[in-house]
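Enquirer:
Numbering (the UniProt record's numbering), first residue to last: 1 to 181.
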C-alpha cells in the first residue's frame, strides 16, 4: 500500500489557524519558531510539502530482502472535541494507552516518542503531561515538526518518515529550537 499526501500553502487555512491564535507571531524569525516544548513557544508555522510511505506486510518485505525501517504494530485514534486548540491530557493519555494495549506492549517497551509538538501553549503541555503519565520521564521525547514547518492535515505525520530513518541509523532527533525547557 502506498499512503501519501500533499498540501500547498492555502491562505484560508492559514487564516483559520491564525483566528484560533494557534500560529506563531515570530514568522520573521524562522530560526526561533516554531519551537515545540520551549517556554517561549508561541504557536505553529503553516507550511507546505508532501510525503509518502510504502506500507507492506512484514513477511512479504522480509521475503524480498527489503530493508525494514519500521513496523506498525498498533494504533489508536480519538477525538478531543472540547476545543480544537485546547486538547486535554486525559484524552491524549487514553489514546496512548489504547495504542499500547492494541500493540501488546508495555510503556517500558517504548524507547523513543516522536511527539506531535505543535508549539502551541496548551497543546505542548497536554502532550507532555500525557506522555509523562503513560511513559514516565525516562523515555526520550522530541518533535520534528519544527523541521518540516508543514502543519497540514496531510503531513502531520511526515515526522514518521524521518524518525523511522533516524531509528534505522541509531539516531534520535532533538528539538533544535528548544532553548528554555
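C-beta: ideal position from N, C-alpha, C; glycine also.
Can you check DSSP and say which residues form a bridge with residue 7?
Expert: Residue numbering aside, residue 7 sits at position 7 when the chain shown is read from its first letter. Per DSSP, 49.
Enquirer: For residue 88 and chain C, any beta-carbon pair shorter than 8 Å?
Expert: Included in the structure is just one protein chain, with no chain C present.
Enquirer: Distance, Cα to Cα, residue 102 vs residue 72?
Expert: Here the question's residue 102 lines up with position 102 in the chain shown. Here the question's residue 72 lines up with position 72 in the chain shown. Whole-angstrom Cα-Cα distance: 11 Å.
Enquirer: Comparing alpha-carbon positions, which option in 15, 174, 136, 44 lies nearest residue 142?
Expert: As a first step, residue 142 must be located in the chain shown, where it is residue number 142. When each option's Cα is compared against that of residue 142, the closest is 174.
Enquirer: Let me check understanding here. Comparing Cα to Cα, which of 118, 28, 4, 132 lies closest to residue 53?
Expert: Start at 1 with the first residue of the chain shown, and residue 53 comes out as number 53. Nearest C-alpha to residue 53: 4.
Enquirer: In chain order, what are the residue ranges of uninterrupted beta strand (DSSP E) at least 3 long that sit wholly in the stretch 16-99?
Expert: As far as the stretch 16-99 is concerned, its whole beta strand (DSSP E) runs of at least 3 residues are 49-54.
Enquirer: Skipping 5 residues on each side, what residues in its chain have a beta carbon closer than 6 Å to that of residue 95?
Expert: Counting from 1 along the chain shown, the entry for residue 95 is found at position 95. 76, 78.
Enquirer: Label residue 59 either buried or exposed according to how many other C-beta atoms from any shown protein chain fall within 10 Å of its C-beta, with 16 as the threshold for buried.
Expert: The sequence position of residue 59 within the chain shown is 59, counting from 1. Answer is exposed; the Cβ neighbour count stays below 16.
Enquirer: Could you pull out every residue in the same chain whose Cβ sits closer than 6 Å to the Cβ of residue 133, ignoring the five residues on either side in sequence?
Expert: Counted from its first residue, the chain shown places residue 133 at position 133. Excluding positions up to five away in sequence, the list reads 93.
Enquirer: When DSSP labels each residue in this structure, what does residue 142 get in the three-state scheme?
Expert: Position 142 of the chain shown, counted from the start, is the residue given in the question as residue 142. Here residue 142 sits in strand by DSSP.
Enquirer: Quick check: residue 8 and residue 46, are their CB atoms within less than 8 Å of each other?
Expert: Counting from 1 along the chain shown, the entry for residue 8 is found at position 8. Counting from 1 along the chain shown, the entry for residue 46 is found at position 46. No; because the gap between Cβ atoms is not below 8 Å, this pair is not in contact.
Enquirer: How many angstroms separate the CA atom of residue 88 from the CA atom of residue 63?
Expert: Here residue 88 refers to the residue found at position 88 when the chain shown is read from its first residue. Here residue 63 refers to the residue found at position 63 when the chain shown is read from its first residue. Their Cα atoms are separated by approximately 43 Å.
Enquirer: Measuring alpha carbon to alpha carbon, tell me which of 19, 44, 18, 113 ends up nearest residue 30.
Expert: Residue 30 sits at position 30 when you count from the first residue of the chain shown. Answer by Cα proximity: 44.
Enquirer: Residues in its own chain within less than 7 Å of residue 154 by CB, not counting five upstream and five downstream?
Expert: Your numbering for residue 154 matches position 154 in the chain shown. Low local confidence applies: a pLDDT of 47 at residue 154 is under 50, so the model's placement there is unreliable, and no value is given.
Enquirer: Got a sec? Which residues, its chain only, sit under 8 Å from residue 180 by beta carbon, not counting five neighbours each side?
Expert: Position 180 of the chain shown, counted from the start, is the residue given in the question as residue 180. Excluding positions up to five away in sequence, the list reads 38, 39, 40.
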